[in-house]
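S.K.: The structure under discussion is supplied below as structure tokens; questions concerning it will follow.
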Amino acid sequence: MDETDVAIIGAGIAGSAAAIALARRGWQTVLIDRQQFPRHKVCGEFLSPESLAMLEELTLLDEILDQTPARIRQASLALHGQRELQLALPGTALGISRFFLDSALHRRAADHGALIRTGVTASEVRQEGSRYVVELLGAAKSRIYARAVIVASGAYARSGLPGTSVRGEATKRDRKRYFGIKSHLKGMATGETVELYFWKGGYVGISPVEGGVMNAAGLLVHGEQAGAKGVLELLEHASRSNRQLQRRLEGAEPIPGTQAAVSPVLLGKRSSVWDGVALAGDAASVIPPLCGDGMSMALRSAALCAEQADAYLAGRIDLLDWQRAYSSAIRQQLARPQRWGRILQWSLSQSALTPFFRQAALAAPFLAHRLVTATRLAPMPVGSGSSG
Ligand SMILES: Cc1cc2nc3c(=O)[nH]c(=O)nc-3n(C[C@H](O)[C@H](O)[C@H](O)COP(=O)(O)OP(=O)(O)OC[C@H]3O[C@@H](n4cnc5c(N)ncnc54)[C@H](O)[C@@H]3O)c2cc1C
Numbered sequence: 043m044d045e046t047d048v049a050i051i052g053a054g055i056a057g058s059a060a061a062i063a064l065a066r067r068g069w070q071t072v073l074i075d076r077q078q079f080p081r082h083k084v085c086g087e088f089l090s091p092e093s094l095a096m097l098e099e100l101t102l103l104d105e106i107l108d109q110t111p112a113r114i115r116q117a118s119l120a121l122h123g124q125r126e127l128q129l130a131l132p133g134t135a136l137g138i139s140r141f142f143l144d145s146a147l148h149r150r151a152a153d154h155g156a157l158i159r160t161g162v163t164a165s166e167v168r169q170e171g172s173r174y175v176v177e178l179l180g181a182a183k184s185r186i187y188a189r190a191v192i193v194a195s196g197a198y199a200r201s202g203l204p205g206t207s208v209r210g211e212a213t214k215r216d217r218k219r220y221f222g223i224k225s226h227l228k229g230m231a232t233g234e235t236v237e238l239y240f241w242k243g244g245y246v247g248i249s250p251v252e253g254g255v256m257n258a259a260g261l262l263v264h265g266e267q268a269g270a271k272g273v274l275e276l277l278e279h280a281s282r283s284n285r286q287l288q289r290r291l292e293g294a295e296p297i298p299g300t301q302a303a304v305s306p307v308l309l310g311k312r313s314s315v316w317d318g319v320a321l322a323g324d325a326a327s328v329i330p331p332l333c334g335d336g337m338s339m340a341l342r343s344a345a346l347c348a349e350q351a352d353a354y355l356a357g358r359i360d361l362l363d364w365q366r367a368y369s370s371a372i373r374q375q376l377a378r379p380q381r382w383g384r385i386l387q388w389s390l391s392q393s394a395l396t397p398f399f400r401q402a403a404l405a406a407p408f409l410a411h412r413l414v415t416a417t418r419l420a421p422m423p424v425g426s427g428s429s430g
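Here it is in structure tokens:
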């Protein structure tokens, strides 16, 4: 029988960051993921400037910089066939693969004493008296008893896990169904730009990551791919929908083994950080991927959640205090960028609006800059979630 202080379900960005924060505060921490690592994951791999301070706080920034990530200083938008629009980014972002980043987070969590169990799926969480039971599937079919549980299982966990009902509501609200694809590419000119290509059926972002490689990741509307199957066929189909993207991909060579897909991707509003236990990262709330801020939201929610979990485990607060304080911190810090992120996503996906958007951005660049800035996380308020 495994007993621990805290069990964290999902070893992506949020779960791993929460594991580092709690293990280094001295709590026995078990971090569980159904996948084996390192693995390629659907993500633009654009690490926003806001993320960097949080990664430094986790003592991970130097290791990332040693990997010579790409530096990204501007965005270019090719909107529904309009001429490309260049926008300066508020700060320098890094391009780093999830293949590297997620495993680096695991290593740091393990350095602090966390036990990482990969290739193990959590199927249920239930309360038994003052502790929780986490049921596990797979080779390690067993259970973990924990004093606290954090679910950081990403946007689409299996039913039975906390957070499923929250996601069910979001599914009903979403009018369009998207799926996500990603592939690394070589043989392309790199630079310091994240390039976004839009058409009626979705968008693809191309940006540099470490090692002179480009990452292509995008969201496609379900049912508009005319029988294309597999990530590379879908990318090819996407490029036929936007001439600028097609030109950009000429001569690009997919790197074998780097392709990944995810379905569905829900962009509808949802924000619930509690479902019997704490939810963190995408399991709690999602910012539209084109904002490139999902990872920093995941890092922030992990820091805020770990701060309350620490107080709970130390007996300074009860479960209700944890729920209240965490919900309120998330509302204060994440709600605004998420709202503006949805507005930005909606405006850019409307082909009828893009000539106006483009004209407005050219005539008044500060307005476009303000809109982009409104989707960004503000720095972590002093004294909140950063100790330990
Ligand atoms: C197309 C696309 C492009 C994006 N581009 C960017 C970008 O450029 N920049 C950015 O910052 N964000 C981007 N995002 C968003 C970003 O990827 C997410 O916000 C981020 O990964 C959320 O981290 P997380 O830890 O909450 O979830 P995840 O990283 O999804 O991790 C969840 C983990 O939980 C595991 N898991 C799930 N269920 C179980 C279970 N039952 N038992 C055990 N383990 C389980 C999964 O295997 C997974 O490893 C993009 C997203 C998409 C779809």
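Sequential numbering of the sequence shown, starting at 43, is according to the numbering used here.
In this text, a Cβ means the ideal position worked out from N, Cα and C, and glycines have one as well.
Quick check: what's the CA-CA separation for VAL193 versus ARG76?
M.R.: In a straight line, the C-alpha of VAL193 is about 13 Å away from that of ARG76.
S.K.: Consult DSSP for ILE372 and reduce its assignment to one of helix, strand or coil.
M.R.: DSSP places ILE372 in helix when its eight states are reduced to three.
S.K.: Between the alpha carbons of LYS218 and HIS264, how many angstroms are there, rounded?
M.R.: Rounded to whole angstroms, LYS218 to HIS264 spans 8 Å at the Cα level.
S.K.: How do the stretch 63-83 and the stretch 330-341 stand: do at least 3 beta-carbon pairs fall below 8 Å, yes or no?
M.R.: Counting Cβ pairs under 8 Å, fewer than three are found: no touch.
S.K.: Would you decide whether LYS224 is buried or exposed? Buried here means 16 or more other CB atoms lie within 10 Å of its CB.
M.R.: Per the 10 Å Cβ criterion, buried.
S.K.: Should the stretch 306-326 be regarded as contacting the stretch 229-242, the criterion being three or more beta carbon pairs within less than 8 Å?
M.R.: Output reads no: the stretch 229-242 does not touch the stretch 306-326.
S.K.: Once DSSP output is grouped into helix, strand and coil, what is the label at TYR198?
M.R.: TYR198 falls in the coil class under three-state DSSP.
S.K.: Give me, in chain order, the residues of the same chain whose beta-carbon lies closer than 8 Å to that of ILE297; leave out the 5 immediate sequence neighbours on both sides.
M.R.: Once the five neighbours on either side are set aside, the close Cβ partners of ILE297 are SER225, HIS226, LEU227, LYS228, VAL255.
S.K.: Looking only at its own chain, which residues have a Cβ that is under 7 Å from the Cβ of SER429, when we skip the five neighbours before and after it?
M.R.: For SER429, the predicted model reports a pLDDT of 46, less than 50, meaning its position is unreliable; a value from the coordinates is still stated below. No residues qualify anywhere along the chain.
S.K.: With hydrogens ignored, establish whether the beta-carbon of PHE142 is closer than 7 Å to any heavy atom of ligand 1.
M.R.: PHE142: no, Cβ never under 7 Å from ligand 1.
S.K.: Would you decide whether GLU295 is buried or exposed? Buried here means 16 or more other CB atoms lie within 10 Å of its CB.
M.R.: Classification for GLU295: exposed.
S.K.: Quick check on TRP388: buried or exposed, where buried means 16 or more other Cβ atoms within 10 Å of its Cβ?
M.R.: So TRP388 ends up on the exposed side.
S.K.: Taking only runs of the alpha helix (DSSP H) that begin and end inside the stretch 47-76, which ones reach a length of at least 4 residues, in chain order?
M.R.: If we require 4 residues or more, the alpha helix (DSSP H) runs fully inside the stretch 47-76 come out as 55-65.
S.K.: How many Å lie between ILE50 and GLN286 at the Cα?
M.R.: If I take the Cα positions, the gap works out to 43 Å.
S.K.: Drop a sphere of 10 angstroms on the beta-carbon of ARG289, count the other beta-carbons inside from all chains shown, and report buried for 16 or more, exposed for fewer.
M.R.: Exposed, by the Cβ-count rule.
S.K.: Where do the N-terminal and C-terminal ends of the beta strand (DSSP E) with ILE138 fall, by residue?
M.R.: Segment: none, ILE138 is in no beta strand (DSSP E) and carries neither H nor E.
S.K.: Assess, as a yes-or-no matter, whether the stretch 136-149 is touched by the stretch 70-89 under the definition of 3 or more beta carbon pairs within less than 8 Å.
M.R.: Yes, they touch.
S.K.: Report buried or exposed for GLY54, applying the criterion of at least 16 other Cβ atoms within 10 angstroms of its Cβ.
M.R.: Looking at its Cβ environment, which holds 16 or more other Cβ atoms inside 10 Å, GLY54 is buried.
S.K.: By the 10 Å Cβ neighbour count, where 16 or more other Cβ atoms means buried, how is SER283 classified, buried or exposed?
M.R.: It is buried - the Cβ of SER283 has at least 16 other Cβ atoms within 10 Å.
S.K.: Taking its Cβ as the centre, do 16 or more other Cβ atoms sit within 10 Å of ASP144, making it buried, or is it exposed?
M.R.: It is buried - the Cβ of ASP144 has at least 16 other Cβ atoms within 10 Å.
S.K.: Could you check how far apart the C-beta atoms of ALA112 and GLU252 are, in whole angstroms? I think they sit under 8 Å.
M.R.: Yes, ALA112 and GLU252 are in contact; Cβ-Cβ is about 7 Å, under 8 Å.
S.K.: At a cut-off of 7 Å, is GLN77 close to ligand 1 when judged by its beta-carbon and the heavy atoms of the ligand?
M.R.: Yes - ligand 1 has a heavy atom lying nearer than 7 Å to the Cβ of GLN77.
S.K.: Please state whether the Cβ-Cβ distance between ALA371 and LEU346 is less than 8 Å.
M.R.: Result yes, Cβ atoms of ALA371 and LEU346 sit closer than 8 Å.
S.K.: Taking 7 Å as the cut-off, is the beta-carbon of ILE55 closer than that to any non-hydrogen atom of ligand 1?
M.R.: Within the cutoff, so yes.
S.K.: For PHE88, which of helix, strand or coil comes out of DSSP?
M.R.: Three-state result, PHE88: strand.
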